[in-house]
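As structure tokens, the structure follows; a few thoughts come after it.
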Ligand code: AHR
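Residue numbers (this note's numbering): 0 to 319.
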């Protein structure tokens, strides 16, 4: 696939010149990868960006990096620009699941392979992308639910509030689904309120304040779809005069350093791991693709669960 494009030259006037910058990288023998990142909403995302940038450098891949600032339209624009630049491979982490078919078809028509990392799309036509590498978000929601069922000590109704991730995103949809699947046969576990905190600390705090205003001391558990929202909510809980991790049990997802610090301070009860360190895997997939190898359609990241009791021991090993 890459060889013919690699050799593509266009004529401007009488002189054949390199068509665009990616061709210069190719002339230097480098693979050109266009990557559209969602933004910088969380500690997780920052670590993911760093992993992609550093591993591209290490692999000698020319990375065209674009930050979409949480907007699908910006990701679509970036992908179109990668197509126009004739990059070798396009990779992206889709902010939401739907609405990608047209632009993915444009990439397919241009014969540029697309790799999905971190989040997937809901396209029926699976030929629109080569592989999807990242976590099993539904399983993460299940792990959070299982931990809660196994570790909740109190009697009677268990009133849960839920901070969801970005509306329409795969992790928000799947984590909710996985968590609900586990608690659905346990009627005493009830989700009282559920709202998006957009995967950010600021919004997590704001929404938790509203939950506390509406439900007050009735809240027994917070399930946050990521650590950043949990950390924001911890502030709200403390400002309301309650003890996070004790008066309100907190279950969240990611396993970022901030969550480990909160666990070590006794303010967060468990974090289900979701690894952002997808860069090395992505770069080796890009190289395999360019070498004509077939990739598995789905590459699932292996991850653990870190309860508060393990935090101090695990903290020194954390890479993000
Ligand atoms: O897609 C992964 C999710 O996106 C992470 O859990 C969250 O922190 C991030 O913003």
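We put the CB at the ideal spot given by N, CA and C, even for glycine.
- [ ] Tell me whether residue 27 sits in a helix, a strand or coil according to DSSP, three-state version.
- [x] Here residue 27 corresponds to residue number 28 of the chain shown, with the count starting at 1. DSSP places residue 27 in coil when its eight states are reduced to three.
Open item on the list: Rounded to whole angstroms, what is the Cα-Cα separation between residue 234 and residue 255?
Closed with: Counted from its first residue, the chain shown places residue 234 at position 235. Counted from its first residue, the chain shown places residue 255 at position 256. Taking the straight line from one Cα to the other gives about 17 Å.
Task: residue 218 to residue 126 span [Cα, whole Å] - done: Counted from its first residue, the chain shown places residue 218 at position 219. Counted from its first residue, the chain shown places residue 126 at position 127. Residue 218 and residue 126: Cα-Cα distance of roughly 45 Å.
Task: CA nearest to the CA of residue 73, picked from 317, 94, 206 - done: In the chain shown, the residue the question calls residue 73 occupies position 74. Here the closest residue by C-alpha is 94.
TODO: Tell me, to the nearest whole angstrom, how far the beta carbon of residue 277 is from that of residue 47; I am working on the premise that it is less than 8 Å.
DONE: Here residue 277 is taken as the residue at index 278 of the chain shown, counted from 1. Here residue 47 is taken as the residue at index 48 of the chain shown, counted from 1. Residue 277 to residue 47, Cβ: 6 Å. Contact.
Task: Proximity to residue 242 [Cα-Cα], best of 257, 227, 264 - done: Here residue 242 corresponds to residue number 243 of the chain shown, with the count starting at 1. Of 257, 227, 264, the residue nearest in Cα terms is 264.
TODO: Compute the minimum distance between the beta carbon of residue 222 and the heavy atoms of the ligand AHR, and state whether it is under 7 Å.
DONE: Reading the chain shown from its first residue, position 223 is the one you call residue 222. False, no ligand heavy atom lies under 7 Å from that Cβ.
Task: Own chain residues within Cβ distance below 7 Å of residue 167, not counting five before or after - done: Counted from its first residue, the chain shown places residue 167 at position 168. Cβ within range, chain order: 95, 96, 97.
TODO: With hydrogens ignored, establish whether the beta-carbon of residue 99 is closer than 7 Å to any heavy atom of the ligand AHR.
DONE: The sequence position of residue 99 within the chain shown is 100, counting from 1. Every heavy atom of the ligand AHR is 7 Å or more from the Cβ of residue 99, so no.
Open item on the list: Could you tell me which whole beta strand (DSSP E) segments of length 3 or greater appear in the segment 201-272?
Closed with: 220-223, 248-253, 269-272
Open item on the list: Nearer than 7 Å: is that true of the beta carbon of residue 225 relative to any heavy atom of the ligand AHR?
Closed with: Taking the chain shown and counting its residues from 1, one reaches residue 225 at position 226. The answer is yes for residue 225.
Task: Length of the line joining the Cα atoms of residue 4 and residue 91 - done: Against the chain shown, residue 4 aligns to sequence position 5. Against the chain shown, residue 91 aligns to sequence position 92. Only weak support exists for where residue 4 lies, its pLDDT of 41 falling under 50; the value from the coordinates is given anyway. When rounded, the distance between both Cα atoms is 21 Å.
TODO: Return the CA-CA distance between residue 62 and residue 302, expressed in angstroms with no decimal places.
DONE: In the chain shown, counting from the first residue as 1, residue 62 sits at position 63. In the chain shown, counting from the first residue as 1, residue 302 sits at position 303. Going by the C-alpha atoms only, they are around 27 Å apart.
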